[in-house]
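Data first, discussion second: the structure below is written as structure tokens.
Next up, the structure:
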């Protein structure tokens, strides 16, 4: 029979650190350990990775970096089924919340638990009413990167919509025909 699938927990937390040197040391130890863990188990089968952070949303830079690295791990190693679980430092019983989350069998890649409840990021369509753009003939339009391909396309687009005074800035020197 096949061995049961193992779940690997990686716990990350900690505050901002007293100074930049301490933060770099914490980053090297903590995130380096996570990277070595992934490198070590990526070749093996039947592993699930759970990155658990405390305050990764708004309290701990190291935890936030672990969440970001977890996103990359999820993309590069989908076989690990990497999930990120962030626990708010204000939770009354974080161990119980974590146990419940680990027992959950949904496929949410990122979950945040706060005293207000379980949060899952979602993108929702946004409908915006816009008016067609009409350039003002008396205005001056500044186009940075104006000598490149996109800058030239924007310049033509503005001229077609009524712009008469354009200022093109760019790092490349090119001859521009007079109009």
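Numbering (our numbering), first residue to last: 364 to 542. Every residue gets a Cβ at the ideal spot worked out from N, C-alpha and C, and that includes glycine. For clarity, every value in this text was computed on a predicted model and none was experimentally measured.
For residue 404, the secondary structure class from DSSP, reduced to helix, strand or coil, is helix. Exposure of residue 485 is indicated by the presence of fewer than 16 other C-beta atoms within 10 angstroms of its C-beta. With 16 or more other Cβ atoms inside 10 Å of its own Cβ, residue 451 counts as buried. In this structure, DSSP gives residue 502 a state outside helix and strand, which the three-state scheme calls coil.
Apart from sequence neighbours up to five positions away, the residues of its chain that approach residue 419 with a beta-carbon distance below 6 Å are 426, 427, 430, 449, ordered along the chain. By the neighbour-count criterion, in which a residue is buried when 16 or more other Cβ atoms sit within 10 angstroms of its Cβ, residue 436 is buried. A check of alpha carbon separations from residue 374 across 442, 458, 410, 504 identifies 458 as the nearest. The C-beta of residue 446 has 16 or more other C-beta atoms within 10 Å across all chains shown, which makes the residue buried. Contact fails between the segment 478-496 and the segment 506-513, because fewer than three Cβ pairs, one in each stretch, are under 8 Å apart.
DSSP, reduced to helix, strand and coil, places residue 461 within a helical segment of the structure shown. In the pairwise beta carbon analysis, the segment 455-472 is classified as not touching the segment 486-499: fewer than three pairs are separated by under 8 Å.
Ranked by Cα distance from residue 438, the first of 473, 489, 533 is 473.
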